[in-house]
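A.B. asks: These protein sequence lines map, in sequence, to chains Y and B.
Position 10 (the first sequence) corresponds to 10 in the working numbering; numbering is contiguous.
Position in the second sequence (first residue = 1) + 1000 = the working numbering.
Beta carbons: idealized from backbone N, C-alpha and C, even for Gly.
None of these values were measured; they are calculated from a predicted model.
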Amino acid sequence: TQLLEQSPQFLSIQEGENLTVYCNSSSVFSSLQWYRQEPGEGPVLLVTVVTGGEVKKLKRLTFQFGDARKDSSLHITAAQPGDTGLYLCAGGSAGGSYIPTFGRGTSLIVHP
Amino acid sequence: GAVVSQHPSWVICKSGTSVKIECRSLDFQATTMFWYRQFPKQSLMLMATSNEGSKATYEQGVEKDKFLINHASLTLSTLTVTSAHPEDSSFYICSAREMGFGNTIYFGEGSWLTVV
């Protein structure tokens, strides 16, 4: 069973601060997704990374996939209260029975 | 992006009754859909993998006779909670896999089930 370790589990910061969320595994993933979920709603896809070493930017969010495709990070610059939510990483291996493995999630609160 | 619709968004039912939740992929075909349960401030707990035209694969500890899953078409999977009990109250989320590049998973909006 593939495991994804996500850290930190909780993060409470002030508006304007920077933060990084990590997603690590001992397994190699063919692709990895990051999602953001607000209370009472389904997770919303932020990005998919598939190439080792890949870096993707989405406004103030920077996503990086490790060279060995075993880990990923999400960096938020100048966090805003609207960034508050549960951030989830999910990875899976190629093949017909692709079943994504989810990290435990990082609950982020950005205080104004 | 791809859209997955889940219905109903919330439902209240009496103990002992059954409740059906639908999950539809609106603009793509999904041979595989997933059903999750989520507790407050926790990650998603995979309940089962739903495969179009075949039986669902349940995760360990999930009662398949209680959580009936049907994936009758490439765009629809249903989860029926049978003989519901208050402890079944939870947030249920479905997702669908868009085949191809990246095997991206898209989620429904979730369904709140309250059993009274």
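If you measure beta-carbon to beta-carbon, which residues of the segment 57-86 of chain Y are closer than 9 Å to chain B?
C.D. replies: The residues in question are L86.
A.B. asks: Along chain Y, which residues have their Cβ under 9 Å away from the Cβ of K1041 (chain B)?
C.D. replies: Position 41 of the second sequence, counting from 1, holds the residue named residue 1041 (chain B). Ordered by position in chain Y, the residues that pass the 9 Å Cβ test against K1041 (chain B) are F10, P39, L86, G105, S107.
A.B. asks: Compute the beta-carbon to beta-carbon distance between V1004 (chain B) and S1089 (chain B), rounded to the nearest angstrom, for a pair I have assumed lies under 8 Å.
C.D. replies: Residue numbering aside, residue 1004 (chain B) sits at position 4 when the second sequence is read from its first letter. Residue numbering aside, residue 1089 (chain B) sits at position 89 when the second sequence is read from its first letter. Their Cβ separation, rounded to whole angstroms, is 23 Å, which puts V1004 (chain B) and S1089 (chain B) out of contact at 8 Å.
A.B. asks: So L45 (chain Y) contacts chain B; which residues on that side make the cut at Cβ distance below 8 Å?
C.D. replies: The count along the first sequence starts at 1 and reaches residue 45 (chain Y) at position 45. Under the 8 Å cutoff, chain B gives G1001, T1104, I1105, Y1106, F1107.
A.B. asks: Compare the beta carbon distance of G1110 (chain B) and G85 (chain Y) with 7 Å and say whether it is the shorter of the two.
C.D. replies: Counting from one through the second sequence, the residue named residue 1110 (chain B) turns up at place 110. Counting from one through the first sequence, the residue named residue 85 (chain Y) turns up at place 85. No; because the gap between Cβ atoms is not below 7 Å, this pair is not in contact.
A.B. asks: May I ask which residues mark the beginning and end of the beta strand (DSSP E) holding E54 (chain Y)?
C.D. replies: Counting from one through the first sequence, the residue named residue 54 (chain Y) turns up at place 54. Where E54 (chain Y) is concerned, there is no enclosing beta strand (DSSP E), given that its DSSP letter is neither H nor E.
A.B. asks: Let's test the definition: count the other Cβ atoms within 10 Å of the Cβ of A78 (chain Y) and tell me whether it reaches 16, buried, or not, exposed.
C.D. replies: Indexing the first sequence from 1 puts residue 78 (chain Y) at position 78. With fewer than 16 other Cβ atoms within 10 Å, it is exposed.
A.B. asks: For chain Y, check one thing: does any of its Cβ atoms lie closer than 7 Å to the Cβ of L1076 (chain B)?
C.D. replies: Along the second sequence, read from residue 1 onward, the residue named residue 1076 (chain B) stands at position 76. No - not a single Cβ of chain Y is within 7 Å of the one on L1076 (chain B).
A.B. asks: I99 (chain Y) versus chain B: which residues are under 7 Å apart at the beta carbon?
C.D. replies: As a position in the first sequence, residue 99 (chain Y) is number 99, starting the count at 1. Neighbours of I99 (chain Y) on chain B, chain order: T1049.
A.B. asks: If you follow the beta strand (DSSP E) that H75 (chain Y) is in, where does it begin and where does it stop?
C.D. replies: Position 75 of the first sequence, counted from the first residue, corresponds to residue 75 (chain Y). That run of the beta strand (DSSP E) goes 71-76.
A.B. asks: Within 7 Å of any Cβ in chain Y, is that where the Cβ of I1021 (chain B) sits?
C.D. replies: For the purposes of this step, residue 1021 (chain B) is taken as residue 21 along the second sequence, with counting starting at 1. No, its Cβ sits nowhere closer than 7 Å to a Cβ of chain Y.
A.B. asks: Quick check: A28 (chain Y) and K56 (chain Y), are their CB atoms within less than 7 Å of each other?
C.D. replies: Within the first sequence, numbered from 1, the residue matching residue 28 (chain Y) stands at position 28. Within the first sequence, numbered from 1, the residue matching residue 56 (chain Y) stands at position 56. The question names Ala, yet the displayed sequence has Val at residue 28 (chain Y). Result no, Cβ atoms of V28 (chain Y) and K56 (chain Y) do not sit closer than 7 Å.
A.B. asks: Which residues, taken in chain order from the segment 1083-1094 of chain B, show a beta carbon closer than 7 Å to some beta carbon of chain Y?
C.D. replies: Within the segment 1083-1094 of chain B, the residues whose Cβ lies closer than 7 Å to some Cβ of chain Y are I1093, listed in chain order.
A.B. asks: Note down, in chain order, each residue of its chain lying with its Cβ closer than 6 Å to the Cβ of V1011 (chain B), except the 5 sequence neighbours on either side.
C.D. replies: For the purposes of this step, residue 1011 (chain B) is taken as the residue at position 11 of the second sequence. The answer, listed in chain order, is V1019, L1113.
A.B. asks: Run down chain B in chain order and give the residues with a C-beta less than 8 Å from the C-beta of F102 (chain Y).
C.D. replies: Residue numbering aside, residue 102 (chain Y) sits at position 102 when the first sequence is read from its first letter. Neighbours of F102 (chain Y) on chain B, chain order: S1043, L1044, L1046.
A.B. asks: Excluding five sequence neighbours on each side, which residues of the same chain lie with their C-beta closer than 8 Å to the C-beta of T1082 (chain B)?
C.D. replies: Position 82 of the second sequence, counting from 1, holds the residue named residue 1082 (chain B). Correct list, in chain order: S1018, D1065, K1066, F1067, L1068.
A.B. asks: Is it true that the segment 1028-1036 of chain B meets the segment 1045-1058 of chain B, where meeting means three or more beta-carbon pairs spaced less than 8 Å apart?
C.D. replies: At 8 Å Cβ cutoff, the stretches touch.
A.B. asks: Determine the chain Y residues that contact G1061 (chain B) at a beta-carbon separation under 8 Å, and present them in chain order.
C.D. replies: On the second sequence, residue 1061 (chain B) is found 61 positions in, with the first residue counted as 1. Under the 8 Å cutoff, chain Y gives no residues; its nearest Cβ is about 14 Å from G1061 (chain B).
A.B. asks: Using the C-alpha atoms, what's the distance from E1063 (chain B) back to I1021 (chain B)?
C.D. replies: Within the second sequence, residue 1021 (chain B) is the residue found at index 21, counting from 1. Within the second sequence, residue 1063 (chain B) is the residue found at index 63, counting from 1. Cα to Cα, the separation comes out at about 17 Å.
A.B. asks: Is the Cβ of G1016 (chain B) closer than 7 Å to any Cβ of chain Y?
C.D. replies: The sequence position of residue 1016 (chain B) within the second sequence is 16, counting from 1. Not one chain Y Cβ lies under 7 Å of G1016 (chain B).
A.B. asks: Near I99 (chain Y), which residues of its chain fall below 7 Å by C-beta distance, leaving aside the five closest residues on each side in sequence?
C.D. replies: For the purposes of this step, residue 99 (chain Y) is identified with residue 99 of the first sequence, where counting begins at 1. Within the same chain, I99 (chain Y) has close Cβ partners G92.
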